[in-house]
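Q: The structure under discussion is supplied below as structure tokens; questions concerning it will follow.
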Amino acid sequence: MGYKSLSACIKDLEKIGQLKRISREVDPNLEMADIHLDTFSRKGPALLFERVKGSPFPAVSNIYGTQERVEFIFRKEIPRMKEIMAVKGHPMDVLKHPFRYAKVPFTALRAWPRKSFFKPPVLFGKTTIDQLPQIKSWPDDGGAFITLPQVMTLPPGSTNPMQANIGMYRIQLSGNDYVPNKEIGLHYQLHRGIGIHHALYNESKERFKVSIFVGGPPAHTFSAIMPLPEGLSEMTFAGMLNSRRFRYFWQDGFLLSSDADFVITGYIKKKELKKEGPFGDHIGYYSLAHDFPVMEVENVYHRKEAIWHFTVVGRPPQEDSYFGHLIHLLAGDILGSEFPGIREVHAVDEAGVHPLLLAVGSERYMPFERMGRSYQAERPEEILTQAQHLLGKGQTSLAKFLMIADGTHHPELRAGDVSGFLTHLLERIEWRRDLHFITNTTIDTLDYSGNGWNMGSKVIMACAGKSKRKLSRFLPENLTLPQGFVNPQVSLPGVLVISGPKYAEKHTGKQNMRQLAMALSPELVHTHPLVVVVDKSDFAAKNLANFLWVSFTRADPAQDIHGVDSFTEDKHWGCHGSLILDARTKPHHAPVLTRYNGITV
Numbered sequence: 004m005g006y007k008s009l010s011a012c013i014k015d016l017e018k019i020g021q022l023k024r025i026s027r028e029v030d031p032n033l034e035m036a037d038i039h040l041d042t043f044s045r046k047g048p049a050l051l052f053e054r055v056k057g058s059p060f061p062a063v064s065n066i067y068g069t070q071e072r073v074e075f076i077f078r079k080e081i082p083r084m085k086e087i088m089a090v091k092g093h094p095m096d097v098l099k100h101p102f103r104y105a106k107v108p109f110t111a112l113r114a115w116p117r118k119s120f121f122k123p124p125v126l127f128g129k130t131t132i133d134q135l136p137q138i139k140s141w142p143d144d145g146g147a148f149i150t151l152p153q154v155m156t157l158p159p160g161s162t163n164p165m166q167a168n169i170g171m172y173r174i175q176l177s178g179n180d181y182v183p184n185k186e187i188g189l190h191y192q193l194h195r196g197i198g199i200h201h202a203l204y205n206e207s208k209e210r211f212k213v214s215i216f217v218g219g220p221p222a223h224t225f226s227a228i229m230p231l232p233e234g235l236s237e238m239t240f241a242g243m244l245n246s247r248r249f250r251y252f253w254q255d256g257f258l259l260s261s262d263a264d265f266v267i268t269g270y271i272k273k274k275e276l277k278k279e280g281p282f283g284d285h286i287g288y289y290s291l292a293h294d295f296p297v298m299e300v301e302n303v304y305h306r307k308e309a310i311w312h313f314t315v316v317g318r319p320p321q322e323d324s325y326f327g328h329l330i331h332l333l334a335g336d337i338l339g340s341e342f343p344g345i346r347e348v349h350a351v352d353e354a355g356v357h358p359l360l361l362a363v364g365s366e367r368y369m370p371f372e373r374m375g376r377s378y379q380a381e382r383p384e385e386i387l388t389q390a391q392h393l394l395g396k397g398q399t400s401l402a403k404f405l406m407i408a409d410g411t412h413h414p415e416l417r418a419g420d421v422s423g424f425l426t427h428l429l430e431r432i433e434w435r436r437d438l439h440f441i442t443n444t445t446i447d448t449l450d451y452s453g454n455g456w457n458m459g460s461k462v463i464m465a466c467a468g469k470s471k472r473k474l475s476r477f478l479p480e481n482l483t484l485p486q487g488f489v490n491p492q493v494s495l496p497g498v499l500v501i502s503g504p505k506y507a508e509k510h511t512g513k514q515n516m517r518q519l520a521m522a523l524s525p526e527l528v529h530t531h532p533l534v535v536v537v538d539k540s541d542f543a544a545k546n547l548a549n550f551l552w553v554s555f556t557r558a559d560p561a562q563d564i565h566g567v568d569s570f571t572e573d574k575h576w577g578c579h580g581s582l583i584l585d586a587r588t589k590p591h592h593a594p595v596l597t598r599y600n601g602i603t604v
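The sequence shown maps to residues 4 to 604 in the numbering used here.
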């Protein structure tokens with residue numbers, strides 16, 4: 004049996020020494036976030052803030068703050084969930100191994116949502132928005148936010164919980180022009196489940212009801228961010244992951260989570276938008292204020308001794324990074340059925356997750372034997388189709404830089420080994436042929452590297468075949484740089500990082516890159532095929548995490564990729580020499596997150 008409540012999980016962690024109680028009063032305005040950040044950075048315990056200034060409710064964070072803690076919380080369920088996900092991806096295996104998977108159908112059936120017929124715990128009391136812990140994580144945040152919400156909506160006319168969408172969309176509780184205790188802001192993108200419901204309600208006369216759950220069993224929180232296979236509801240998944248059916252209840256026409264610590268109910272104003280943000284986000288920058296939907300608050304319910312569950316979002320890795328670890332544990336076995344030919348994918352956490360996606364594909368349809376000799380594809384073919392599939396589905400569609408390698412003859416190649424993968428790709432890629440751009444498209448709304456909000460480009464970098472060059476770990480001899488370019492360093496084998504002139508505007512920025520391209524020798528591609536121009540090369544080359552974050556969060560492929568001896572032929576762009584990536588900070592970029600104070604517990 005799984006956890007009945009968030010409190011049960013907290014007590015479980017305390018028994019094994021993985022929880023620290025903070026009994027003194029702590030300010031939710033920056034101080035709580037700062038304590039959390041310091042504790043997470045040293046792989047410390049979960050934190051229970053017993054006295055939150057301005058609120059009668061305690062708060063907990065860092066529950067998912069280490070890989071070991073995540074695996075402990077879901078220790079009983081992970082093996083069984085892997086079986087279920089494997090069957091979802093490979094249903095014929097049930098016929099091949101009936102005894103191995105005998106319990107799977109019963110597990111799924113027992114996980115269906117269950118209606119509560121008696122007064123549920125969450126209806127113990129009512130409160131107001133301003134009495135909730137008003138946690139502000141970063142100095143320039145627009146107000147207090149809910150950072151681990153479970154936002155539940157149903158399509159018009161439906162009362163079937165199996166049709167519900169539960170997603171994790173950030174909620175602004177205070178600040179900006181929201182009427183205190185009456186309005187809160189919701190940040191969501193139109194292609195998400197709630198966005199589809201919003202479009203349906205716009206065509207309906209029915210009011211758009213929303214229920215926001217906070218807390219409850221940890222599996223409920225995780226279900227809101229899990230990329231689920233088609234046909235599997237978040238409530239059913241939460242029930243399976245928690246070994247306990249998701250309890251729900253109807254109150255005044257709203258569907259409530261019976262076991263949540265808090266439930267906020269209300270109506271989204273279908274035609275009205277208000278400024279939401281700024282907010283320190285998971286890419287490591289502020290997402291700025293933009294118009295988003297507004298929710299009219301009806302009621303705020305809470306259970307007895309309710310605990311507010313929160314996290315701090317910022318430059319990764321952060322606590323939410325371990326959601327990715329759990330997703331990989333549970334969903335790894337269904338990857339091949341979701342993306343045929345793809346062996347492994349890895350959204351690079353250090354690069355802000357969405358900006359950089361690495362994938363190991365396969366050239367399955369090439370003849371691998373010719374006249375008794377093993378044959379290896381020497382140019383990307385099928386993996387280009389696989390790359391487009393990744394960019395056309397679910398969370399992987401948010402990738403901005405997609406790097407894919409043929410792993411058919413390289414069983415040792417791992418997308419999760421970022422340094423090794425980049426080395427493999429740079430040894431094989433042909434910049435004249437293996438770059439494929441998608442321009443004037445939508446990108447993640449949190450990414451400000453493009454040419455407008457939610458606008459930018461993507462690029463596929465693909466490689467196949469044998470190694471074509473030997474990458475150097477040393478600075479090239481006789482390297483000549485134009486004025487303003489200084490302090491070259493080798494960040495990774497074959498990768499030069501150079502401090503460039505301060506970026507002022509687009510025209511001079513491109514002129515800088517042309518000057519650098521003319522100064523670099525075409526022969527440099529044989530030892531250093533990638534050159535990255537940054538603001539401070541010392542910082543970018545200090546470690547892999549810095550390099551990835553700077554390079555891929557501050558560059559838009561179409562605007563910021565340049566090259567030595569470049570050309571355009573039949574609308575295809577490439578270069579014969581080294582590729583140059585302009586990863587300098589541009590005037591239109593969002594501000595970088597900065598800490599408030601260095602407080603340690």
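Glycine residues also receive a C-beta, built at the ideal position from the N, C-alpha and C atoms. Quick caveat: nothing in here was measured; it's all calculated off a predicted structure.
Since I169 contacts I215 with CB under 8 Å, what's their CB separation in whole angstroms?
A: Incorrect: roughly 10 Å between the Cβ atoms, too far for contact.
Q: In chain order, what residues of the same chain have a beta carbon less than 8 Å from the beta carbon of V297, not counting five sequence neighbours either side?
A: Y181, E186, I187, G188, L189, I271, K272, E275, L276, K277
Q: Out of curiosity, what's the CA-to-CA distance linking R248 and L258?
A: Per the coordinates, the alpha-carbon of R248 lies some 15 Å from the alpha-carbon of L258.
Q: Quick check: V567 and L533, are their CB atoms within less than 8 Å of each other?
A: No, the Cβ-Cβ distance between V567 and L533 is not below 8 Å.
Q: Just the Cα atoms here: how many angstroms apart are E279 and T445?
A: 20 Å
Q: At what residues does the beta strand (DSSP E) containing E353 begin and finish?
A: No beta strand (DSSP E) contains E353, which DSSP labels as neither H nor E.
Q: Go through its chain and collect everything with a Cβ distance to F75's Cβ below 6 Å, but skip five positions before and after it.
A: none
Q: Using beta-carbon positions only, say whether D294 and P320 come within less than 8 Å of one another.
A: no
Q: Which residues bound the alpha helix (DSSP H) around S10?
A: 9-18
Q: Which term fits H575, buried or exposed, when burial requires 16 or more other beta carbons within 10 angstroms of its beta carbon?
A: Of the residues assessed, H575 falls on the exposed side of the cut-off, its CB having fewer than 16 other CB atoms within 10 angstroms.
Q: Going along the chain, which residues of its own chain have a beta-carbon closer than 6 Å to the beta-carbon of I407, five neighbours each way excluded?
A: A362, G364, I386, A390, A465
Q: Just list the residues that DSSP pairs T444 with in beta bridges.
A: G459
Q: Output the distance between the C-alpha atoms of Y67 and I81, rounded to the nearest integer angstrom.
A: 15 Å
Q: Determine the extent of the alpha helix (DSSP H) in which P560 is found, giving its start and end residues.
A: 560-563
Q: Quick one: give me the first and last residue of the alpha helix (DSSP H) that M171 is part of.
A: Premise fails: M171 is in no alpha helix (DSSP H) and is neither H nor E.
Q: For K277, does the three-state DSSP call read helix, strand or coil?
A: Correct three-state label for K277: strand.
Q: Going by DSSP, what residues sit across from N302 in a beta bridge?
A: According to the DSSP secondary-structure assignment, N302 is paired through a beta bridge with T268.
Q: Taking the straight line between their C-alpha atoms, what separation do you get for A167 and P158?
A: 7 Å
Q: Could you name the residues of the same chain whose beta carbon sits closer than 7 Å to that of R373, not counting the 5 residues immediately before and after it, in chain order?
A: No answer about R373 holds up, because its pLDDT of 48 lies below 50 and its placement is not dependable.
Q: Just to confirm my understanding: we take V29, look at its own chain, exclude 5 residues before and 5 after, and list those with CB closer than 6 Å. What are they?
A: M35, F52
Q: May I ask you to list the residues that DSSP assigns as paired with G478?
A: Gly is not the amino acid found at residue 478; the sequence shown has Leu there. DSSP, once it has assigned bridges, lists no residue as partnering L478.
Q: What are the boundary residues of the alpha helix (DSSP H) that M243 is part of?
A: 237-245
Q: Determine the burial state of V266: buried for a count of at least 16 other Cβ atoms within 10 Å of its Cβ, exposed for fewer.
A: buried
Q: Can you check which of these residues, K118, A548, G577, F550, is closest to A612 by C-alpha distance?
A: Limits of the chain in this structure are 4 at one end and 604 at the other, which puts residue 612 out of reach.
Q: Can you grab the Cα-Cα spacing for the pair D133 / T411, in whole Å?
A: 57 Å
Q: What are the boundary residues of the beta strand (DSSP E) that includes H575?
A: 575-578
Q: How is M374 classed by DSSP in three states: helix, strand or coil?
A: In this prediction, M374 scores a pLDDT of 47, lower than 50, which makes its location untrustworthy; no coordinate-derived value is stated.
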